[in-house]
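**Student:** Residue numbers (our numbering), protein chains in the order written: chain A, 1 to 274; chain B, 1 to 255; chain C, 1 to 505; chain D, 1 to 605. Ideal Cβ positions, reconstructed from N, Cα and C, are used throughout, including at glycine.
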Amino acid sequence: MKTFLKVVAFSVVVILFYAFYASYGIPQIKPEAPPQEEKLDLGSMTMYQFIALGDKIFNGKGTCTLCHNPVGGRAPVLDSVASIALEHMKDARYKGKAKTAEEYIRESMLEPSAFVVAGFGVKGTNDTESPMPNVATGAIGLNEAEIDAVIAYLQKKAGTEVTVKIPVGAPAKEEKAEAATAIAKTPDELVAKLGCGACHKIAGQVGALGPDLTKVGAVRKEDYLRRSVLDPDADIAKQCPTGPCAAGMMPKDYKDKMTAGELEMLVKFMVNSK
Amino acid sequence: MKISRLLLAVILIGIFYGFFKIFFGVVLKQPIPSSLLTMYMFFVVVGILLVLSFTEEGARELMSPIKNLLENPEKKMMRMVVFVIVSVLAGYITYNQIKPSFEAPLELRTIHPAPPSNFSAFNKTYNLLTLENPFRKYAKEDPEKFKTLVYEGGEVYFKNCFYCHGDKLDGQGHYAQGFNPLPANFMDVGTIAQLQESYLFWRIATGGPGLPKEAAPWISSMPVWQNFITEEEIWKVILFLYDYTGYVPRSWEKH
Amino acid sequence: MKIKNLLLIILAVLFVSSTVFASGDKENGKKIYEKKCIWCHGKNGDGKGPAGSGAFLNPPPRDFTSGMYKFKTTPFDEILPNDEDIFKMIADGMPDSSMPAWKDILKEKDMWDLVEYIKTFAGLTGKPAKQIDFAKQVKTSKEGIERGKKLFLDRCAECHGEEGRGDATKKLKDDWDARTWPRNLTKSWSFRVNNNPKEIFARITAGIPGTLMPSFADPASKKKMTDEERWDVANYAASLADASKTIKEGSTVVKAKRILGNLPEKADDPKWQEAEPTNFYLVAQIIGKERFFTPSNNSIMARAFYNDKEIAILLEWDDRTKSIPGDEKAAEILLEGEVYNDAVAAQFPVTIPEEMEKPYFGMGDAARPVNMWSWKSEKKDAPQAVGLLNAMGFEKVEQRDANKAGLTAAGVYNKGTWRVVMKRSLKTGEKDKDIQFEEGKFIPIAFSVWDGTNSEKGSKHTMTTWYWIFLKPEAGAYVYAMPVVVALLVFGGCVLLARSSQRKE
Amino acid sequence: MRFLTKAIVSIFIVLAFILSYPILTPASKSSLAFAEEVKKDASASSVKEEKAKDKPAYPPAPKLKETDYPKIKGFNGRIVIWLAAQLHLWFAAFVLAVPIFVLIIEGIGMATHDERYDKMAYEFIKISITAYSITAVFGGLLAISLMVFYPDFMKYMTGIFGSSMLAYAFLFFAESASLYIYYYGWNWLNCGFKKWVHLTIGLVLNAVGTTLMFLANAWVTFMMSPGGVDAQGVFQGNSWAAVHNFLWNPINLHRTIANIAYGGSVVGAYAAYRFLSAQTKEEKAHYDWMGYTANFIAIAALLPLPFAGYWLTAEIYAYSQQMGITLMGGVFAWLFIIQAVLIGALFLSANYYLWCGMGRSEGAVRYNKYIKYIAFVIIACFLVWFTPHTLVMTQTELKALGGPYHKYLGPLGIMPAKNTAVNIMILFTFLSFLLYRRANKIATVSWAKYGNIAQIAIFTGAIINIVFLGVYYGYYTNTALKVGSSVPQVASTLFVIILCMIIDVFMFKGAKDVAPLKWGNVPDRSQYALFLLAVSFTWLMGLMGYIRSGIRQHWHVYTIMRDNSPDAYTPTIGYAAQIVSIAVIIFMAIVIFIFWLNQISSKKH
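(1) Relative to chain E, which residues along the region 447 to 478 of chain C have a C-beta separation below 7 Å, given in chain order?
(2) Could you give the distance in angstroms between the alpha-carbon of residue 204 of chain B and the alpha-carbon of residue 210 of chain B?
(3) Just the Cα atoms here: how many angstroms apart are residue 572 of chain D and residue 135 of chain D?
(4) I want to see whether chain B comes within less than 7 Å of residue 483 of chain C, judged by CB atoms only; does it?
(5) Which bits of chain B does residue 333 of chain C rub up against, with CB to CB less than 7 Å?
(6) Near residue 5 of chain A, what residues of its chain come up, given a Cβ to Cβ distance below 7 Å and the 5 sequence neighbours on each side ignored?
(7) Under the rule that 16 or more other beta-carbon atoms within 10 Å means buried, what is residue 46 of chain D, buried or exposed?
(8) Exposed or buried, what is residue 375 of chain D when buried is set at 16 or more other beta-carbons lying within 10 Å of its beta-carbon?
(9) With H, G and I counted as helix, E and B as strand and the rest as coil, what does DSSP make of residue 310 of chain C?
(10) Taking residue 133 of chain B and residue 197 of chain B to be in contact with their CB atoms under 8 Å, please state how far apart those CB atoms are, rounded to whole angstroms.
(11) Starting from the C-beta of residue 178 of chain A, find all residues in its chain whose C-beta is less than 7 Å away, skip the five residues before and the five after it, and write them out in chain order.
(12) Taking the beta strand (DSSP E) that residue 374 of chain C falls in, what are its first and last residues?
(13) Less than 7 Å between C-beta atoms, sequence neighbours within five positions excluded: which residues of the same chain meet that for residue 415 of chain C?
(14) If contact means a Cβ-Cβ distance below 9 Å, which residues of the region 481 to 501 of chain D contact chain C?
(15) Name, please, each residue of chain D whose Cβ falls closer than 8 Å to the Cβ of residue 33 of chain A.
(16) Quick one: is residue 146 of chain B near chain C, going by C-beta distance under 7 Å?
(17) Are the CB atoms of residue 226 of chain A and residue 191 of chain A nearer to each other than 7 Å?
(18) At what residues does the beta strand (DSSP E) containing residue 280 of chain C begin and finish?
(19) Using a Cβ distance threshold of 8 Å, determine whether the region 215 to 234 of chain B contacts the region 462 to 473 of chain C, with at least three qualifying pairs required.
(20) Find the residues of chain D that neighbour residue 249 of chain C, judging by a C-beta separation of less than 7 Å, and give them in chain order.
(21) Examine the Cβ distances between the region 341 to 349 of chain C and the region 316 to 324 of chain C and report whether three or more of them are shorter than 8 Å.
(22) What does residue 417 of chain C pair with, by DSSP beta-bridge criteria?
(23) Hey, out of D:595, D:601, D:566, D:600, whose CA is closest to residue 68 of chain D's CA?
(24) With distance defined between alpha-carbon atoms, name the residue in D:167, D:451, D:552, D:353 nearest to residue 216 of chain D.
(25) Can you find at least 3 beta carbon pairs, one from the region 160 to 168 of chain B and one from the region 182 to 189 of chain B, that sit closer than 8 Å?
(26) How long is the line joining the alpha carbons of residue 399 of chain C and residue 433 of chain C, rounded to whole angstroms?
(27) On the DSSP letters alone, give me the boundaries of the alpha helix (DSSP H) that residue 49 of chain A sits inside.
(28) Would the region 408 to 428 of chain C and the region 310 to 319 of chain C be scored as touching if the rule is three or more Cβ pairs under 8 Å?
(29) How many angstroms separate the CA atom of residue 307 of chain D from the CA atom of residue 164 of chain D?
(30) May I have the straight-line CA-CA distance separating residue 192 of chain D from residue 211 of chain D, to the nearest angstrom?
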């Protein structure tokens with residue numbers, strides 16, 4: 001028994017020595033965390049990181065800068081939106097219910113037509129209807145946390161106090177995201193998934209930035225339509241609801257967002273829209 | 001006079017310790033860092049003990065002074081003195097370990113971290129696995145042109161890099177001392193000599209902030225060079241670095 | 001007989017080889033020059049190599065075609081330097097400039113060959129006819145230094161400043177129209193050659209050709225000094241070296257000492273002497289945005305005290321000019337451009353990093369912002385200003401109200417040195433904006449300094465990387481009790497070992 | 001009775017495998033319907049591929065989200081799998097290795113008619129049979145926990161490896177059958193022609209066992225260097241391509257050799273324990289001899305192991321530079337310092353055991369004086385071997401050196417120096433062995449003197465050659481060729497070992513003994529060297545398991561299937577070391593249990 005204990009003690013000491021050396025004798029380098037795949041970890045976020053997230057969404061996933069940029073002039077620049085929100089809310093044309101700047105910005109994102117800055121409305125509506133899509137739906141599909149992050153970012157940018165609280169708990173619309181990546185079975189699903197309706201009038205959606213596609217099949221051939229989806233700048237339509245259409249307006253990455261089958265479905269759907 | 005084995009062991013250990021300390025620290029002026037010296041000494045001690053104890057008599061002889069000290073009733077006084085010294089020493093070491101001190105924490109960073117497989121610079125995406133220096137081919141095809149390119153690379157180097165990496169490419173430029181970590185020493189066999197050109201391109205184009213976390217991007221003073229110089233200039237400066245140091249970029253082709 | 005012959009042969013060989021060395025092999029020199037030197041000094045030796053042309057280097061590389069050598073041991077009226085002077089520059093380099101010491105990679109013969117080749121640029125040949133006489137060297141003594149001090153104040157202080165910090169009261173430029181900065185004699189490590197009295201004596205005697213440092217041995221000069229006087233001044237200048245300004249290798253921590261009662265408010269409070277200083281190199285900002293290549297400051301010293309409520313940091317740096325925008329005197333010594341404020345800033349992370357991960361040292365990054373305390377010197381019509389900002393990178397800077405955060409800063413300029421005290425409470429109400437100091441934690445700190453007379457403004461300034469500030473706590477009972485416990489345990493172990501060993505017997 | 005329980009356990013596990021197979025395999029949904037579905041669903045990820053209508057009928061690697069990983073309260077999936085896999089691996093290595101040298105020993109016993117060999121072989125196989133069922137238990141545990149914690153990953157893997165998993169199950173049956181026949185038929189098939197039959201069964205047993213390991217290796221290497229799939233992870237339908245992926249063969253070789261060394265070391269530890277607790281002189285002699293033989297096998301396999309390791313590393317580099325740099329230069333750089341310490345410990349303890357063993361013969365005294373030189377060289381090489389490339393330094397040390405590079409020690413951190421050190425270390429270990437071999441013998445052949453001279457010459461020549469190659473390639477040639485020096489270095493080492501061994505064998509043919517060899521006459525200390533060997537080996541294998549898995553980083557299947565679980569990050573070396581240590585302790589406890597079982601069962605007889 002004594003031999004047994006001695007042997008066990010010896011072995012354990014050796015193991016402990018190795019463990020100790022590996023833990024304390026050499027530098028512990030923490031390997032880099034796996035690259036982020038658009039995953040929100042709100043629990044451990046500081047306000048700075050939250051604002052940085054808003055920045056990222058504003059310039060990336062949210063596709064906000066597609067229109068809200070100083071160059072294209074398709075939508076107002078939002079640098080000071082948080083500070084002038086109160087003015088907008090006092091405007092006679094304001095239809096919303098917001099009481100604070102934060103609420104105003106959120107409302108503008110979810111119901112863009114609540115207030116349309118003069119000159120930026122859908123043509124012919126006398127600035128009562130906004131061409132902007134609801135950011136919580138369609139291809140943009142921001143969840144509540146993401147919207148909050150964007151608000152925080154905008155408030156920060158305007159130099160006003162950031163009133164948004166970092167939401168606690170996981171983002172609410174986890175399933176939605178999955179639905180969006182699933183393969184669409186009907187043209188309506190596909191249009192909703194890709195967010196075509198943000199700009200185009202198509203499949204029951206009423207976007208007002210790009211050409212109306214409800215009767216496109218009457219004027220365009222299949223090849224033209226397919227090319228227009230894959231390479232939007234190959235042909236530019238002459239007339240968009242907000243004025244002449246411009247190159248570079250439509251994102252070029254739709255070809256990466258759908259499968260071959262989906263593309264064919266969409267093209268066929270448009271060809272048949274007469 | 002025959003010295004006891006225990007004493008011999010102690011003397012031998014002392015000799016090795018002195019060798020490491022004096023030969024490296026004083027003669028070569030390149031002291032061994034204490035962390036490494038500790039490990040060296042550990043194995044030297046183990047080795048000496050193994051050699052002195054592999055025969056039965058040897059082991060007995062080695063242990064006999066200790067055994068004697070522990071067991072001999074006549075040495076009670078001596079025993080106590082040794083015990084007290086040992087415990088005071090242990091206490092002193094503990095004190096030194098836990099007292100608050102201004103010794104800055106060690107900062108460890110991987111000097112050559114693993115590169116990503118792709119990275120973006122100059123609004124392009126590069127695949128590091130296939131990326132090659134477009135000018136390298138001239139070394140064989142057009143040596144004159146190659147020479148000019150190397151010289152142009154030198155110009156880039158001396159307008160941008162040498163403040164830190166030094167006239168001698170040894171990482172001892174004018175501003176080097178002000179930085180921590182110190183700028184890379186290209187003359188050392190452990191730096192560019194071990195790397196591929198694509199790796200250098202990545203490091204130059206994306207600079208300190210392009211490093212992965214284990215390489216502590218927050219303290220690297222390497223600028224993001226894509227903001228200041230062109231893609232071609234980077235490739236040229238890489239040519240220059242290898243030409244000046246005489247190293248050959250590493251490649252994975254079988255020669 | 002045999003031994004004698006051998007000695008003769010050895011002597012002969014030595015003689016022959018030394019003449020060979022002395023004459024040097026220009027061709028070999030040229031080869032080395034074209035590999036190693038052209039980058040700064042230019043292919044034609046005109047100092048217009050890739051790094052030499054344009055304002056990249058301060059001081060600019062030497063133009064060899066003029067045959068003018070700044071640091072030589074031949075008298076002012078002897079144009080030729082000694083070969084050894086040139087050799088020494090090559091072998092040992094010049095501290096605080098971009099000229100490195102080449103002796104570690106070049107062989108001695110190669111360097112002599114270089115000397116020979118370099119001389120050909122100016123076309124000067126032959127040996128210097130006259131030599132500075134070092135024979136009458138006066139050993140340094142208390143009285144001699146007193147005498148030297150008097151002479152210094154009279155002859156040298158105009159450029160080198162009353163206390164030798166190089167704080168000139170007039171505009172200085174060299175023969176090539178570049179702004180020159182008189183040596184700060186208190187920083188012994190920044191001397192181009194070294195601060196040995198003998199070298200200083202050589203400078204005083206021969207002057208530094210091409211610059212406004214004249215020869216004080218020139219009989220035509222109103223300021224002429226005798227040999228003995230020059231030795232006195234040299235001894236005095238050498239004695240100005242300030243050991244507390246030496247930058248200790250590896251010393252990276254600002255040592256904040258805990259005191260009872262109030263912290264010193266003023267920069268010139270003698271209590272500051274009780275705090276141990278730490279020095280850091282300042283280097284030009286060459287990393288981001290508009291880069292800066294010609295700094296005039298090269299080091300900064302930091303001290304700190306704290307009590308249970310507040311922390312005070314004293315930043316001290318030698319700046320040769322007090323830059324007051326709008327002030328006529330300040331404009332006078334300006335070479336070109338405009339006078340801006342002198343300024344200093346200390347940078348902290350907003351949250352103390354738990355592991356090694358810090359904000360990017362150049363004003364933080366998106367995920368980890370920094371907190372920056374700054375101080376600006378007065379303008380002609382405005383007082384000194386305290387600034388507070390948070391940054392998440394160069395581009396994303398938020399100006400904040402320093403008063404609201406309770407940050408104060410006040411500076412005093414005295415004979416070439418700025419001393420600025422920055423003070424704040426350890427904690428503030430805004431946890432996600434202000435650094436909250438904690439005892440016993442290593443807190444990253446970095447500094448930036450602007451010299452307004454050297455056109456430093458915005459991103460053009462000198463800076464340090466991350467170092468540490470450590471608020472050293474009083475050692476608690478634990479620190480004293482633990483060793484005793486360990487000692488007792490070890491003792492007990494020993495006794496037990498002896499017992500069991502005896503019992504076995 | 002015990003046989004029955006074991007058989008039932010084994011069969012149960014195999015059944016679990018087979019039964020779960022259809023559940024896990026999507027292909028089982030009636031392949032026609034499945035193909036239809038794929039045609040409809042499978043995202044041909046880019047439009048360019050749209051024309052390629054004849055897509056293979058397999059899904060791409062799934063893109064998982066954190067929620068796709070089931071959580072069980074109180075269990076961390078990764079740790080459970082880590083422990084299960086590691087324990088399974090250790091036992092499997094042991095179980096595979098033991099039959100290999102049982103067969104060898106049995107063969108030796110048959111050839112030499114020395115009964116001790118046969119007795120020892122039987123004792124070993126007895127141990128391995130208990131270990132066999134434990135291996136199966138852990139294998140089952142691993143499979144189940146993978147299904148529980150990483151269901152989508154397992155689904156994908158079974159989709160590709162369905163056929164090889166089926167083969168695995170059948171082979172498992174074959175392995176069990178042949179093992180039981182081999183073990184239970186030992187006494188029955190023990191003379192004359194029957195012994196040949198028995199040996200053949202042993203051979204079959206080993207063949208099946210090795211094939212089993214190769215199959216399992218294929219799954220593992222597929223995760224590192226996927227083959228037979230496209231960039232989206234769509235399986236092209238060729239099972240052999242998936243099995244025969246880029247790293248399969250290097251891992252096969254590396255693991256086979258390591259298994260033998262490992263099995264030897266564990267048996268050595270067993271013998272050491274029996275030696276220490278032996279009561280009689282005969283028993284002591286027997287277990288001393290057994291320990292010596294096991295140690296001999298372990299060391300013989302250990303010597304070529306570094307070379308197999310180099311090949312594996314080179315192939316990893318060839319497969320993906322990024323993976324290579326992650327392995328050698330990135331976060332794991334320090335791991336190789338630990339590895340160096342462990343391997344150094346292995347070499348030192350093996351040598352020490354040999355030196356102590358010289359006490360068995362009276363003739364050895366004449367060689368004692370050389371030991372210190374051998375020790376000196378081995379320690380010196382060892383110091384070179386674990387000198388890291390990046391040194392841990394305080395600020396003061398950093399500035400004193402003028403940078404993070406040490407002028408003289410820095411070059412010791414790179415490959416040529418390490419190659420040189422390890423080759424010389426191997427040569428001197430071999431020298432220890434040569435001295436041990438001749439300790440009790442005096443050569444009687446007439447050319448003994450020349451034989452000695454030849455051996456010394458070969459040794460000297462090889463050492464000069466190795467050092468020259470190391471120095472020349474390390475510092476005087478361009479870096480593309482640096483790794484190139486290792487091949488001629490290895491060649492000279494192998495050359496010395498083979499040539500000297502041949503000379504030695506002939507030289508000591510019919511040599512006379514100085515005195516009878518006294519088996520059992522070794523100090524207890526030497527037995528602890530055997531324990532150190534076994535423990536170090538086990539620990540080292542665990543550590544290598546961590547890095548093999550770790551270099552995939554956050555991928556289940558490298559670059560094809562991403563790990564999106566919360567545990568996707570790579571843990572630090574210290575953390576891994578702690579997990580490995582826990583696993584080693586569990587392993588040791590079980591091994592002790594097996595040995596104890598064995599002891600009480602032998603007592604009954």
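**Tutor:** On the basis of the supplied data:
(1) In the structure shown, chain E does not exist; the protein chains are A, B, C and D.
(2) 9 Å
(3) 28 Å
(4) Contacts with chain B at 7 Å (Cβ-Cβ) include residue 483 of chain C.
(5) Ordered by position in chain B, no residue passes the 7 Å Cβ test against residue 333 of chain C, which lies about 25 Å from the chain.
(6) none
(7) In this prediction, residue 46 of chain D scores a pLDDT of 38, lower than 50, which makes its location untrustworthy; no coordinate-derived value is stated.
(8) Its Cβ being crowded by 16 or more others within 10 Å, residue 375 of chain D is buried.
(9) strand
(10) 4 Å
(11) Because the pLDDT of residue 178 of chain A is 40, which lies under 50, any placement of that residue in the model is unreliable, and the question is left without a value.
(12) 370 to 376
(13) 161, 162, 163, 165, 167
(14) Going along the region 481 to 501 of chain D in chain order, one finds no residue with a Cβ nearer than 9 Å to chain C.
(15) Those within 8 Å of residue 33 of chain A in chain D are 569.
(16) no
(17) no
(18) 278 to 281
(19) yes
(20) Those within 7 Å of residue 249 of chain C in chain D are 396, 399, 400.
(21) yes
(22) C:318, C:414
(23) Residue D:566 is the option with its Cα nearest to residue 68 of chain D.
(24) Per the Cα distances, D:167.
(25) yes
(26) 12 Å
(27) 47 to 59
(28) The region 408 to 428 of chain C makes contact with the region 310 to 319 of chain C, as at least three CB pairs between them are under 8 Å.
(29) 30 Å
(30) 29 Å
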